[in-house]
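*Asks:* Using numbering that gives the first Met the number 0, the first residue of the sequence shown is number 0, and each one after it goes up by one.
Quick reminder that beta carbons are idealized off the backbone N, C-alpha and C, glycines included.
The following block contains the structure, expressed as structure tokens.
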Amino acid sequence: MHARHRTALLACAAVFALHAPLAQAQSPHPLLSPPAAQRYPQELAKEMQRIAGGTAAQERAKALVAALQKTLAQPREGIRTVVVPERPIAGQLSAVAIVPPSSKPGVPIGVCLQQGVVAEDGQMTHTNIGMLQIASDGSVAPHLWTGERVGAEVDGKLQAACAPYRAGYIEYIRSAAPG
Numbered sequence: 000m001h002a003r004h005r006t007a008l009l010a011c012a013a014v015f016a017l018h019a020p021l022a023q024a025q026s027p028h029p030l031l032s033p034p035a036a037q038r039y040p041q042e043l044a045k046e047m048q049r050i051a052g053g054t055a056a057q058e059r060a061k062a063l064v065a066a067l068q069k070t071l072a073q074p075r076e077g078i079r080t081v082v083v084p085e086r087p088i089a090g091q092l093s094a095v096a097i098v099p100p101s102s103k104p105g106v107p108i109g110v111c112l113q114q115g116v117v118a119e120d121g122q123m124t125h126t127n128i129g130m131l132q133i134a135s136d137g138s139v140a141p142h143l144w145t146g147e148r149v150g151a152e153v154d155g156k157l158q159a160a161c162a163p164y165r166a167g168y169i170e171y172i173r174s175a176a177p178g
């Protein structure tokens, strides 16, 4: 009985695998692999609703756009990362914006919102609380991502929770076509 059940599951998995390339081609999100989207559809839907419904995230994005106005008005040669506020304190919401160069106006600004949390050992780490994209027209939309959510130690140094998102978004900007 168990062997038949396992065989049926394997057959279903094989059929699903044949359809996977189609799903990958239709992925609307550059950093979210379709297998992750298929594995965690409820979690991703909740995350999107939480970010989209949260006025704090929308207000933070608007404040960030205002802080970026000077940067956005100038021609940009390369990819820039802007943190607002520059040195956040524990409990404070901060935003890390990854701004594409002027040569790629169609690529939105990637924004990672994070909050500093003091751990039991007194060290401050950051928890990633959501991502947004800001289009060139100023519109704000949730940006789904399933990467690292809590600050991790890399080479003995504690990294901010937005570090993996920043690295991934920079790769996305680099791979985007100019214009």
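#1: With DSSP as the reference, identify every bridge partner of V139, one or two as the case may be.
#2: Return helix, strand or coil for I97, following the three-state DSSP convention.
#3: For Q73, which residues in the same chain have their Cβ closer than 8 Å to its Cβ, ignoring the five residues on either side in sequence?
#4: Using 8 Å as the threshold, is the segment 133-140 in touch with the segment 162-176, meaning 3 or more CB pairs across them?
#5: Do Y168 and I97 have their CB atoms nearer than 7 Å?
#6: Check this for me: beta carbons of G77 and P100, under 7 Å apart or not?
#7: Between which residues of its own chain and R173 is the CB-CB distance below 8 Å, once the five residues before and five after are set aside?
*Replies:* With the given structure in hand:
#1: I133
#2: strand
#3: none
#4: no
#5: yes
#6: yes
#7: I78
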